[in-house]
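**Q** Structure provided below as structure tokens; questions to follow.
Residue numbers (the working numbering): 446 to 963.
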């Protein structure tokens, strides 16, 4: 057996290229600062200066670039643009070595850390962590790295939990945090409190007003764009989703619902809608309101009404339409279907008529309802209004009786009684939560009372709206000296709720509850 000579392994540094061809290692540095405070910004600049000098002093190294992410979280790499660019440069063979301050600067996510270290090792590219004195090309490097990266992840998780607890405490105290930069209608004062921006507030009021007047979200958005009005984010394009959010945002009545969303994973930072998984906190009267509460609740009712799909006897579903003042208020007296607007062209003679949907859609249900010319519908509405005006005294007495009926409608529990009980239960809930006791029963009772309070408010608004409709017709009757002669679409939207077409007459129902036969 011949002599055996052991040739010791030599550590491979950088890409496998002959030293004569590449006498110097191309070394890059990675820096990261996780906050945007002045102190940390100084640290960020200091790191760049440090590594520039550090790499330049080594005669065997040449600077391959300093990659720095300022103010980006380390728990995942998705938003760290410079980090990702550095990895791409390594994969392209433009970097031979990486230097960084510590594992936590490189990545606080164990999986991410090991993933990139192993990718770089396959390219013979070491990463040197100054604080821990770990070189990933050493035999013990990955073992130490796994332990240190895991500790870094635990530190990040602990920090995330502390932040979460801090937020929860602030929520319990009713401290509201709002990004006012994209919040139409408000700005902040020197103390960080929300204050109304008068010009923007008028835009918000316009949106609420037009929606209650019958305009669709598309129409409102188009009108704002036509007038050159910018969104809260400063954009010229208005989306219906933006209008929808404004109409649903409780902050416009001075309140704030906290913790609408929550973070599911401290690594991904993914936030999802809170459907009761974690507590929510409703703060009343936090700031000055732009929209009165009764108007806001009416809008919420209208949002529900427009989403509600009308299903006819034939099973056909009809969605809300606001294109014409007669749309979805004209019904067939025979089958109960909507009447739809139709353009007729009979031997060159054009006309606009309204026909029962059962006859138009061939639903299989026999309906012999008549076709109504639009001009006849307009005259019917005028005649109904004039009947009321011709008998002012009689109808004013009827309307006054309707007001008395509405006033007598009682509630089970007043909002004040519910609020008192809610405050008691909330104190009890916080006490049990701090003692880690079971508080499901109390939480259920709070939710039940909150629903009751909300329903009580809705009932109150409905009652107020009924009173308003009755008073509106009373005011119109008193202020109108003579009968009307011309069709007024705005007046129809204001006064009339429903027109039912029968074979020999129409039944016109006013919003105040009065029905007139024409």
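Here a beta-carbon is modelled for each residue, glycine too, at the ideal position from N, C-alpha and C.
#1: Taking the straight line between their C-alpha atoms, what separation do you get for residue 745 and residue 685?
#2: Quick check on residue 514: does DSSP put it in helix, strand or coil?
#3: I think residue 469 touches residue 506, with their Cβ atoms under 8 Å apart; what is that distance to the nearest whole Å?
#4: So if DSSP puts residue 573 in a beta bridge, which residue, or which two residues, is it bridged to?
#5: Any idea what DSSP makes of residue 953, helix, strand or coil?
#6: Below 8 Å, can you find three or more Cβ-Cβ pairs linking the region 891-910 to the region 781-795?
#7: I'd like to know whether the C-beta atoms of residue 471 and residue 541 end up nearer to each other than 8 Å.
#8: Return helix, strand or coil for residue 476, following the three-state DSSP convention.
#9: Identify, in the order they occur along the chain, each residue of the same chain with its Cβ nearer than 7 Å to the Cβ of residue 798, setting aside the five sequence neighbours on each side.
#10: Along the chain, where does the alpha helix (DSSP H) containing residue 835 start, and where does it finish?
#11: Go through the region 882-952 residue by residue and report every complete run of the alpha helix (DSSP H) that reaches 4 residues or more, in order.
#12: Helix, strand or coil: how does DSSP classify residue 961 here?
#13: Where do the ends of the beta strand (DSSP E) carrying residue 438 lie?
#14: Taking C-alpha atoms, which residue in 582, 834 and 683 lies nearest to residue 648?
#15: On the criterion of 16 or more Cβ atoms from any shown chain inside 10 Å, does residue 811 qualify as buried, or is it exposed?
#16: Let me know if residue 513 comes out buried or exposed under the rule of 16 or more other beta-carbons within 10 Å of its beta-carbon.
#17: Which one of 958, 935 and 945 has the shortest CA to CA distance from residue 655?
#18: Compute the Euclidean distance between the alpha carbons of residue 951 and residue 901, then round it to the nearest angstrom.
#19: Using 8 Å as the threshold, is the C-beta distance between residue 922 and residue 827 below it?
#20: Taking the beta carbon of residue 946 as the centre, do at least 16 other beta carbons fall within 10 Å, making it buried, or is it exposed?
#21: Restricting to runs no shorter than 4 residues, where is the alpha helix (DSSP H) found entirely within the region 624-694?
#22: Between the region 689-700 and the region 729-745, can you find at least three pairs of beta-carbon atoms closer than 8 Å?
#23: Using a Cβ-Cβ cutoff of less than 8 Å, which residues in the same chain neighbour residue 423 once the five nearest sequence positions on both sides are dropped?
#24: Tell me the rounded alpha-carbon separation between residue 962 and residue 775.
#25: What's the gap between the Cα of residue 948 and the Cα of residue 814?
#26: What span of residues does the alpha helix (DSSP H) with residue 969 cover, start to end?
#27: Would DSSP call residue 788 helix, strand or coil?
#28: Mapping DSSP to helix, strand and coil, what is residue 507?
#29: Within 10 angstroms of the Cβ of residue 550, are there 16 or more other Cβ atoms? Answer buried if so, exposed if not.
#30: Should residue 833 go down as buried or exposed, given a rule of 16 or more other Cβ atoms within 10 Å for buried?
#31: Report the CB separation of residue 825 from residue 944 in whole angstroms; it is logged as a contact under 8 Å.
#32: Under three-state DSSP, which class holds residue 840?
#33: Whose CA, out of 806, 559, 564 and 939, lies closest to the CA of residue 535?
#34: Let's test the definition: count the other Cβ atoms within 10 Å of the Cβ of residue 616 and tell me whether it reaches 16, buried, or not, exposed.
#35: Is the beta carbon of residue 735 less than 8 Å from the beta carbon of residue 641?
**A** For this structure:
#1: C-alpha separation (whole angstroms): 16 Å.
#2: Residue state for residue 514 is assigned as strand, using DSSP reduced to three classes.
#3: Confirmed, Cβ separation roughly 6 Å.
#4: Beta-bridge pairing links residue 573 to 544 and 580.
#5: Three-state DSSP puts residue 953 in a strand.
#6: At 8 Å Cβ cutoff, the stretches do not touch.
#7: Pairing residue 471 with residue 541 gives a Cβ-Cβ distance under 8 Å.
#8: It is a strand residue.
#9: If we look at residue 798 and ignore the five residues flanking it on each side, its Cβ neighbours are 787, 789, 816, 817, 818 and 819.
#10: Following the DSSP letters along the chain, one finds residue 835 inside the alpha helix (DSSP H) bounded by residues 819-835.
#11: Residue ranges of uninterrupted alpha helix (DSSP H) with 4 or more members, entirely inside the region 882-952 and ordered along the chain, are 885-924 and 934-940.
#12: DSSP places residue 961 in strand when its eight states are reduced to three.
#13: Nothing can be reported for residue 438, as the shown portion of the chain is limited to 446 through 963.
#14: The candidate whose alpha carbon is nearest that of residue 648 is 683.
#15: Flag for residue 811 reads exposed.
#16: Flag for residue 513 reads buried.
#17: Answer by Cα proximity: 935.
#18: Cα to Cα, residue 951 sits roughly 36 Å from residue 901.
#19: Not in contact: residue 922 and residue 827 (Cβ atoms no closer than 8 Å).
#20: Label assigned to residue 946: buried.
#21: The qualifying runs are 643-657, 662-671 and 685-693.
#22: Contact holds: three or more Cβ-Cβ distances are below 8 Å.
#23: Outside the modelled stretch of the chain, which goes from 446 to 963, sits residue 423, for which no answer is possible.
#24: Near 14 Å, if we compare the C-alpha coordinates of residue 775 and residue 962.
#25: Roughly 7 Å between the two C-alpha positions.
#26: Examination of residue 969 is not possible in this model, given that the chain is present from 446 through 963 alone.
#27: Strand.
#28: Looking at residue 507 - three-state DSSP - the assignment turns out to be strand.
#29: Classification for residue 550: buried.
#30: With 16 or more Cβ atoms within 10 Å of its Cβ, residue 833 is classed as buried.
#31: The C-beta distance from residue 825 to residue 944 rounds to 7 Å, short enough to meet the 8 Å contact threshold.
#32: It is helical.
#33: Of the candidates 806, 559, 564 and 939, the one whose C-alpha sits nearest the C-alpha of residue 535 is 564.
#34: Caution is warranted here: a pLDDT of 42 is assigned to residue 616, below 50, making its placement in the model unreliable, and the coordinate value is therefore given only provisionally. Its Cβ being crowded by 16 or more others within 10 Å, residue 616 is buried.
#35: At the C-beta level, residue 735 and residue 641 come within 8 Å of one another.
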